[in-house]
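Quick note on the numbering used here: the sequence shown kicks off at 22 and runs consecutively. Here is the structure we will look at, set down as structure tokens.
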Amino acid sequence: MNFMQTVTRFEANLLRLLYYFLGREPAESALALVAERFTPPTCLGRTALRLVQDALAKGCTSLLARRGGWRVERHLLGEHVVTGRLWQRTPPADLTLKFSRHSLEFLIWITSARPGDKEPHWRPAEGELTPGDLLLLYFAHQGLRDSAASLGAADLRRRPPFVRHGLCWLAYPEDFTAATEEFAPDFAPWTNGVGATMLEALQPELAARWIEVEGGKGSIIEWQRMRDLGRSQERVLTAFLDAVEKAGRLDLARFLLRAGHQLLGEHASAAMWVEGMTNAGPRVTERTTTYRSALAFLHQLPRLQSWERRARSVGYFDDGYQAAQLWKADWERYNGDALNDRARTIIRQLDPLSPT
Numbered sequence: 022m023n024f025m026q027t028v029t030r031f032e033a034n035l036l037r038l039l040y041y042f043l044g045r046e047p048a049e050s051a052l053a054l055v056a057e058r059f060t061p062p063t064c065l066g067r068t069a070l071r072l073v074q075d076a077l078a079k080g081c082t083s084l085l086a087r088r089g090g091w092r093v094e095r096h097l098l099g100e101h102v103v104t105g106r107l108w109q110r111t112p113p114a115d116l117t118l119k120f121s122r123h124s125l126e127f128l129i130w131i132t133s134a135r136p137g138d139k140e141p142h143w144r145p146a147e148g149e150l151t152p153g154d155l156l157l158l159y160f161a162h163q164g165l166r167d168s169a170a171s172l173g174a175a176d177l178r179r180r181p182p183f184v185r186h187g188l189c190w191l192a193y194p195e196d197f198t199a200a201t202e203e204f205a206p207d208f209a210p211w212t213n214g215v216g217a218t219m220l221e222a223l224q225p226e227l228a229a230r231w232i233e234v235e236g237g238k239g240s241i242i243e244w245q246r247m248r249d250l251g252r253s254q255e256r257v258l259t260a261f262l263d264a265v266e267k268a269g270r271l272d273l274a275r276f277l278l279r280a281g282h283q284l285l286g287e288h289a290s291a292a293m294w295v296e297g298m299t300n301a302g303p304r305v306t307e308r309t310t311t312y313r314s315a316l317a318f319l320h321q322l323p324r325l326q327s328w329e330r331r332a333r334s335v336g337y338f339d340d341g342y343q344a345a346q347l348w349k350a351d352w353e354r355y356n357g358d359a360l361n362d363r364a365r366t367i368i369r370q371l372d373p374l375s376p377t
């Protein structure tokens, strides 16, 4: 794309990075820009601002639609279950993405600096980030994962706001194994309002990511790496399930059932998770912890089953009846009881003392 007639070189670079984050620019040309450092202008020109606004408004919406919003699904809207594509089952006001100045400041910063740079400084007030800002950061996180390690993307995700970005944690738990206990994933923006509708659209993507992560465990050799990954998964799933339960949005956890249905077929075995490990740790306690970490995903299924058992007791005239019926339907659709039984069997194979 040729922006040179209407925008400056810096603005053209910024737009190329933005288009890359939104899936409209090839990685080869965009990631080369990440490696460079450019002096930012005092402000962007009107043409560049208009192009940024247009790209954010259309690009983010288009990505959400393509990644899952086009699917006909059933989700909660208030106290009721609605069916349709994302834009059919959601009021227009709840689909409006708003972007603050922080989105533009991030784009200027990532164009002028490398991800690992602490100077020039970019650390927005997290409470000021809108759902639109957070969605852009999610797409940016996806794009920057492919950049060279020397550019410091790993350092970027150890700092706010990425280190507390709930959706980034949920989709890429392997990227946050170095996050300290000081920083926990924040799911408040993702369990209500526009954030919840975005999570609805991204259900297929989240299911695919968890299938990919779990499917890759069989090739992990280092016990420390397995332990760290499992701890990260446990942290993010505990925080996420706590949040959706508090918000009454159990349907947002449907992707876990989808992933479990794919992973826990009739022939699922413990080897699928630990086949590559020749050493689970030098001491018994370390081996136990490693195996428990390897099965962090499976350890969450009993909690999902407890939701289904609780849903059975919700009467027709009780609050939350439709939400309970929806979770029961999801549980039955993915044969949740069979999944939970297979998970328990695998857990007992590796950790006989586990209270499954």
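Cβ coordinates follow ideal geometry from the N, Cα and C atoms, glycine included. This one's a predicted model, so the numbers in the text were calculated from it and none came from an experiment.
Classify Cys189: buried if its beta carbon has 16 or more other beta carbons within 10 angstroms, exposed otherwise. Cys189 is buried by the Cβ-count criterion.
Assuming Phe160 contacts Leu84 under a Cβ cut-off of 8 Å, what Cβ separation, rounded to an integer in Å, is found between them? In this structure Phe160 is in contact with Leu84, their Cβ atoms being roughly 7 Å apart against a cut-off of 8 Å.
Starting from the C-beta of Arg95, find all residues in its chain whose C-beta is less than 6 Å away, skip the five residues before and the five after it, and write them out in chain order. Excluding residues within five positions, the ones whose Cβ falls inside 6 Å are Val102, Thr104.
Rounded C-beta distance between Leu52 and Arg37? I'm assuming under 8 Å. Contact flag wrong, Cβ pair sits at about 10 Å.
Using three-state DSSP, classify Gly105 as helix, strand or coil. DSSP places Gly105 in strand when its eight states are reduced to three.
According to DSSP, is Arg95 helix, strand or coil? Residue state, collapsed to three classes: strand.
8 Å contact criterion, which Glu226 and Arg88 should meet: CB distance rounded: The Cβ separation is near 5 Å, so the contact holds.
Supposed contact pair Phe120 and Leu77 - C-beta distance, whole angstroms, cut 8 Å: At roughly 5 Å, the Cβ-Cβ gap stays under 8 Å, so Leu77 and Phe120 are in contact.
Can you name the residues that DSSP bridges to Arg207? A quick correction: the sequence has Asp, not Arg, at residue 207. His186, per the DSSP bridge assignment.
Distance check for Gly164 and Thr61, CA to CA, integer angstroms please. Thr is not the amino acid found at residue 61; the sequence shown has Pro there. Roughly 21 Å between the two C-alpha positions.
If we call anything under 8 Å between Cβ atoms a contact, is Ser314 one with Arg252? Against a cut-off of 8 Å, the Cβ pair of Arg252 and Ser314 comes out as a contact.
Mind the definition here: the region 326-346 touches the region 277-293 only if three or more C-beta pairs lie below 8 Å; say whether that holds. The region 326-346 makes no contact with the region 277-293: fewer than 3 CB pairs, one atom from each, lie closer than 8 Å.
Does DSSP classify Cys81 as helix, strand or coil? Note: Cys81 maps to helix in three-state DSSP.
DSSP-derived helix/strand/coil call for Phe42: Note: Phe42 maps to helix in three-state DSSP.
Going by other Cβ atoms of all chains shown within 10 Å of its Cβ, with 16 needed for buried, is Asp317 buried or exposed? Residue 317 is actually Ala in this sequence, not Asp. With 16 or more other CB atoms across the displayed protein chains lying within 10 angstroms of its CB, Ala317 is buried.
Check whether the Cβ atoms of Phe42 and Leu157 lie closer than 8 Å to each other. A contact, by the Cβ cut-off of 8 Å.
Can you find at least 3 beta carbon pairs, one from the region 260-271 and one from the region 202-212, that sit closer than 8 Å? The region 260-271 vs the region 202-212: in contact.
Go through its chain and collect everything with a Cβ distance to Ile241's Cβ below 6 Å, but skip five positions before and after it. Residues Met247, Gly297 of the same chain have their beta carbon placed closer than 6 Å to that of Ile241, with the five preceding and five following residues left out of the count.
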